[in-house]
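A.B. asks:
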Amino acid sequence: MKEAKIGVFLSDCGGELAKILNFDAITSFVKQLSSVTLVAKGNEFWRGEGLKTITDAVKTKKINRVVVAETLPKLSEVSIVKAAEKAGLNPYLVEVIDLKDHCGWPHRDTPSEATEKAKAMLLAAIERAKLLEPIDKVEFPAVKSVLVIGGGIAGMQAAEDLADLGFKVHLVEKTPFLGGLAARAGRFFPTDDCAICIQSPASDVKTVTHTSRKCVYRSGFSEIPNLNIMTNSKVVNVEGVPGNYKITVEKKPRYVNETKCVGCDLCATVCPVEVPDEYNAKLKKRKAIYMNLPAVYPPVYVIDESICKFHECAKCVKICPTKAVELDQKSEKITLNVGGIIIATGFQEYDPSVIKEYHYGEYPDIITNLELARMIDSFGPTGGKIVRPSTKEPAKRIVIVQCVGSRDRRWNPWCSSICCMISLKHATLIKSAHPDADVTICYIDIRTTGREHEYYYERARDMGVKFVKGRPAEISHDPEANLLIVDVEDEILHRLLELEADLVVLATSMVPSEDAKELAKILSVELDQDGFFKEYNAKLRPTETKLKGVFLCGGATFPKDAPTTSLHAHSAAVKAAKFLSAEKIVKDQRTAVVNEDYCGDCEFCPVTCPYGAISLVSNDKEHFVAQVSDLLCEGCGICVGTCPLNAIELRHSRSNQMSAQMKGLLSVNGTAKPLILALCCSECGHAAVDSSGMAMMQYPANVRVMKVPCTGILRVEQFLEAFKAGAQGVMVVGCKNDGCHYEVGSQKAQKKVDLAKVLLKEYGIEPERLEMFHMVFIEGDKFAEAAQMMTEKLEKLGPLQLM
Amino acid sequence: MTSYALFLGCTIPARQPHYEASARKALTRLGIGLVDLDNMTCCAPPPLQSIDTETSLAIAAHNICVAEQADLDIVTLCTGCFESLAMANNLLKENPKLKARVNEILSNAGEEFKGTKEVKHYLKVLIEDIGLERLKKNVTKDLSSLKVASFSGCHLLRPSALLKFDDPERPHVFDDLIEALGAKSIWYRNKLKCCGGLLRGYADDVALAIARDKIINTTKAGADCIVTLCPFCFLTLDLGQMLIKSTYKEEYNIPVVHYSELLSLALGIDPKELAIDFHKVRLDRILGKIT
Amino acid sequence: MEGESRMEHEKERETSEATFTDEIRRRLGGETIALCYQCGTCASSCPVAKVTERYNPRDVIRLSLLEQKKEVLSGSAIWLCSSCYNCQERCPQKVEIADVIYALRNIAIEEGYIPNIYSEFANGLMNEGRIVPISKFVEKKRPEYGLPQLRTAGLAALKKILATTGFDKIQWKKEGP
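These protein sequences, in sequence, are chains P, R and C. So for the first sequence, the numbering used here puts the first residue at 5; every next one is plus one. So for the second sequence, the numbering used here puts the first residue at 189; every next one is plus one. So for the third sequence, the numbering used here puts the first residue at -8; every next one is plus one.
1) Comparing the C-beta of R:R346 with each C-beta of chain C, is any distance below 8 Å?
2) If contact means a Cβ-Cβ distance below 9 Å, which residues of the segment 357 to 383 of chain R contact chain C?
3) Between which two residues does the beta strand (DSSP E) containing R:I414 stretch?
4) Between the Cα of P:V152 and the Cα atoms of P:P110, P:I233, P:K134, which residue gives the shortest distance?
5) Mind listing the chain R neighbours of C:L23? Cutoff is C-beta to C-beta under 7 Å, in chain order.
6) Can you look up P:R452 in the DSSP assignment and give me helix, strand or coil?
7) Using beta carbons (cut-off 8 Å, strictly below), is C:K85 in contact with chain P?
8) Can you tell me whether P:K752 is buried or exposed? The criterion is at least 16 other CB atoms within 10 Å of its CB, across all chains shown.
9) Might you give, ordered along the chain, the residues of its own chain that have their beta carbon closer than 8 Å to the beta carbon of P:S619, omitting 5 neighbours on each side?
10) Could you check whether R:I404 and R:G384 sit closer than 8 Å to each other, using their CB atoms as the reference points?
11) On the premise that P:V405 lies in contact with P:A511, defined as a C-beta separation below 8 Å, what is that separation, rounded to the nearest angstrom?
12) Is there a Cβ of chain P sitting closer than 8 Å to that of C:Y28, yes or no?
13) Classify P:Q203: buried if its beta carbon has 16 or more other beta carbons within 10 angstroms, exposed otherwise.
14) Check whether the Cβ atoms of P:V142 and P:V173 sit closer than 8 Å, and answer yes or no.
15) Measuring alpha carbon to alpha carbon, tell me which residue in C:S67, C:R121, C:P139, C:Y76 is nearest C:A99.
16) Who are the Cβ neighbours of P:C17 in its own chain at under 6 Å, not counting the five residues just before and after it?
17) Could you confirm whether any beta carbon from chain C is found closer than 8 Å to the beta carbon of P:I448?
18) I'd like to check one pair, P:L523 with P:V239: are the Cβ atoms closer than 8 Å?
19) Just checking my contact of P:L29 with P:G668 at CB under 8 Å: how many whole Å lie between their CB atoms?
20) Please classify P:L584: does DSSP put it in a helix, a strand, or coil?
21) Quick one: which chain R residues come within Cβ less than 7 Å of P:K360?
22) Whose C-beta lies closer than 7 Å to the C-beta of C:T6 among residues of the same chain, with five residues either side of it excluded?
23) Looking only at its own chain, which residues have a Cβ that is under 7 Å from the Cβ of R:K213, when we skip the five neighbours before and after it?
24) Roughly how many whole angstroms lie between the Cα atoms of P:A440 and P:Y362?
25) Going along the segment 144 to 160 of chain C in order, which residues come within less than 8 Å of chain P, judged by CB to CB distance?
26) Does the beta-carbon of P:D412 have 16 or more other beta-carbons within 10 angstroms, so that it is buried, or is it exposed?
27) Quick one: which chain P residues come within Cβ less than 8 Å of C:R49?
28) Tell me which residues share the same chain as R:S340 and place their Cβ nearer than 6 Å to its Cβ, disregarding the 5 neighbours each side in the sequence.
29) Kindly list, in the order they appear in chain C, the residues whose Cβ is closer than 9 Å to that of R:L225.
30) Examine chain C for any beta-carbon lying closer than 8 Å to the beta-carbon of R:L387, and answer yes or no.
31) I want to see whether chain P comes within less than 8 Å of C:T43, judged by CB atoms only; does it?
32) From R:V263, R:E299, R:G303, R:N291, pick the residue whose C-alpha is nearest to that of R:N495; which is it?
33) Going by C-alpha distance, which of R:R400, R:K285, R:E282 is nearest R:K433?
34) Which stretch, first to last residue, makes up the alpha helix (DSSP H) that contains P:M794?
35) Do you know how far the Cα of P:K9 is from the Cα of P:T595?
36) Identify every residue that forms a DSSP beta bridge with P:F537.
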């Protein structure tokens, strides 16, 4: 590597900082440091003339490393690095530090101490700059194609967006028809419009369909040329890397040729096999060859292979006028090459039979909301009539029970979010069609939080729907009168009621789709504690997972209503588009790198990496070593903190670079107080230091701040090293335990701090000299308080006695 | 056959010798060994738990210690005793902190709860040690015309997490054991609901109202008798009918028998040996149907 | 809060009396009371609430959580639970309602609210080791029914246990609700 020629640029922030720090002393200090070939002082260096000073120095090759003391480095660094790169310097050879918010402002009452600290900060930056290495960007191929798993409204919407944008989209749906839960739900609240109405595609297709929204089957959705719809298909295997996945899809045979079927229903009329129709809540029967109504897509019959008699019967084959029935179709395995994956597998209704006091499954007149939806749907099994399954007579007294299995720590502790509105929808639809029906809703709380939802609730009351605030204890059956009896306390009246009902509807909990577990395994995606697919961060990175290239949308992450699903789907489509539109993924190699000679194949790092970026491979010496994928590595360094053999390092935060910084920061004291090294994570911890300075909170200058990517990178030896280098105390400042930007880093750091404390005790060093703190950016006051508190504590303990 | 430490509790020896007699005779006839131990005390049922739960746990644990010393599992007749002892046994086995706390108390009495023994209700012994098939074979009488309203009471089943006896919402063990004797166990409204027995002595009117509900429901369903397991349930429903007569002026005359009595009769034991004069509602109705 | 700094106020809270809810939670059986979200399942499961307005388990929990200590402890409601455990089986928040009632009764007795019948139980226990005394009449009839002589009760061990837990020091009042 070429010898370092470091240019040091000192900004006095428009002259203000010079009122506190002695820039002359600082400048002469820096000038006499080795490898420093240029020192400049000015008002600002991140734009204008100041920036030109830097780029000129780079262009004339006077310097090959840049150290800048500038205001708001997290902001100014961007333009300095960009300009330096344009001038020909590798962007990773630039180091920007903050003498204002980390030195001048918080120590303005002790300017000479601040000046000494500034010297130490510059020394640290310069020593680090000497050890910096150029880091290049790498390009990975990205196929401009996306796999969408799940053909409900979320999947369809995301697929449509991406297809409109010119991506090749494969929409894979495990059932024979698209539509998911929406197709069965009938109508959506709060507008009570058709559930299967979606936005029309923006492409050429729109000129034919003419409107902004239509039922799925006539929206032209299926006619988008680069959209490949595969129904009756399941994803069975996923290989490859983000940007370049190889997907194996198993397509089950439909036994009916999609290009020939005209939907005449003759096959169904002659089919001798009949089973209860699960799609229609088993309220009617269907044949082995069937089509769900309303069929959204494709409008083609399908044979249920588990009950069909095939060639023993073949009546459908004989009668089909277009010879569309093909009993010899086989399962196909299809391979797809895609760049990104969107999971849109939705949710399903919980089976309430486990809640034995409600007797679902035992008494036929107890049904779920989805089953009621089928009855209300005029395409449904009862032609839109609300009947008692036991007698097929109209149901006059209907009781709807909320929170069945939801908000229940025995079953599903979460609130399923949409059931209150669904029940209100059903209640009002029933009342509209049958004004003489008696509908009562038993609830714990009514949750109508969305836009216009409260008016929906008002309307229900206006229409005469009754409400009982109380959760029923039991639903029993009177066999003589064939009546259901709901035991419930009307809490507001303070009266125990025994409601008589013809029909009881259970607003059952919404749970993850039954395939979620299997799919999560195939894709290596995490599920949360409730079994739903885990979004990386609902506020900051919605619809993303921890895995690059794999996105989520719709009910698969948590039950949601149609407008929210729509938003979520559009979001996932945009994320996938951003990821793949350049047809390449550009990443910098500020990633972890393994020293194969040291690696002991202990498997700690592959297991610890939150992003699955590390795998074990066999090297030429025929033993296994860890290998880091530059594509998947997020540069957090948690692997580095985990490795017991120091066999893995993070580029740009190598051990020697960190050691040099540490030593530099602790080299000069200048105060009468004990030196403290504060190791702060670049996400929350370091930002808290920024904010304390920005707010001009005061803390003593013996506190020296060092930035690390994530506190998870820290090793126990580094704490001990800090003490040896002159620290009297060490603070580790990271994100809150449940808010680490790299998932687990801050928790791991806490464990290491706890372990280090045990070791310190063994060495005869007071364990309280090392502490971990958790704070976020807006808790700058916490940092100042902690720094103050540590200083006082260390002053009480007296100087460190190292053995 | 296995031997068990027989835990009688307070109420049965105090007032219900018919329960004890029928249980001893039937179980012995079926080959189950019953050992009487010294040093047992009250099991610490709800009335004591109401005063102090910690003391009650310690008292229950003490009784289990006595059995542990004799290396015997415990069998109880009263379901209240079953609840108290089995709950304590399982709670202390599962919760080391609680076990340590109770053992600290017991150490003053020179005892230590080890958690080596089981507490069973005699129904469990019948199911597990004898089994339904063998039980059927031992029945010598014909009970096929007898319609039984089975009422196990609350504490055979609940709290289910600690008692682990049967499904609290769909229990079947008791009914299976009744039908193994040849009788029919019928459905009636609110079969699993409490009889209110524990309120006697504090709020007799409330207890009576609850008992009356049960008598009405069983009668309405056409039961020939009510079969119980708990001496409190027995008292509430048997003596209760006398009180219902005087308070509500209603007469139901539905006999109440403990399962052990029905079992004894089905096995062919002479009713004269069973102290049946301790029943307030005469048993003629059912004796006629056991042939 | 006027005139007190935030720090001072917080210190005050630490040393002052715990709330009634805290008191209940510290008792064996009372740990789960604050989970209650007042759904009313317990009330409609309760055999006692079904026949009388004098008792409603949801009310008892509500009053306790609203810190109405005197009303709860001095009232008759807490003594009307029949310990059937139906509520505890069905509670969707797994509140151990029946056990909470025991905890409330325990506290009530400590504070001197003791129904007569419980004094009787306690005295029976302390004197004979049984809460229901054996009637001489029945005891004499035992041989008639082929029943063996009753074994001696473990009074010695019992007395030591009662002394350790302080049970024997409770002031057994003759009055009470």
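Ideal placement from N, C-alpha and C gives every residue a C-beta, glycine not left out. Here the structure is a predicted model, which means the values were calculated and not measured.
C.D. replies: Working from what's here:
1) yes
2) E357, N378, L380, K381, C382, C383
3) 413 to 416
4) P:I233
5) The question names Leu, yet the displayed sequence has Thr at residue 23 of chain C. By Cβ distance, chain R contributes nothing, its closest Cβ being about 13 Å from C:T23, past 7 Å.
6) In the sequence under discussion, the amino acid at residue 452 of chain P is Thr, which differs from the Arg named in the question. It is coil, neither helix nor strand.
7) yes
8) buried
9) P610, A630, Q631, S633
10) no
11) 6 Å
12) yes
13) buried
14) no
15) C:S67
16) T75, K104
17) yes
18) yes
19) It should be noted that the sequence gives Ala, not Leu, for residue 29 of chain P. So it is not a contact: roughly 17 Å between Cβ atoms.
20) helix
21) E357, R358
22) Any reading at C:T6 needs caution, since the residue's pLDDT is 48, under 50, leaving its predicted position unreliable; the model's value is listed next. Excluding sequence neighbours, C:T6 sits near nothing in its chain.
23) S452, I457, E461
24) This sequence places Asp at residue 440 of chain P; Ala is not what is there. Cα to Cα, the separation comes out at about 26 Å.
25) none
26) buried
27) E493, E495
28) F362, L417
29) R142
30) yes
31) no
32) Given that chain R is displayed from residue 189 to residue 479, the structure contains no residue 495 of chain R and the question cannot be resolved.
33) R:R400
34) 784 to 801
35) 25 Å
36) P:L531
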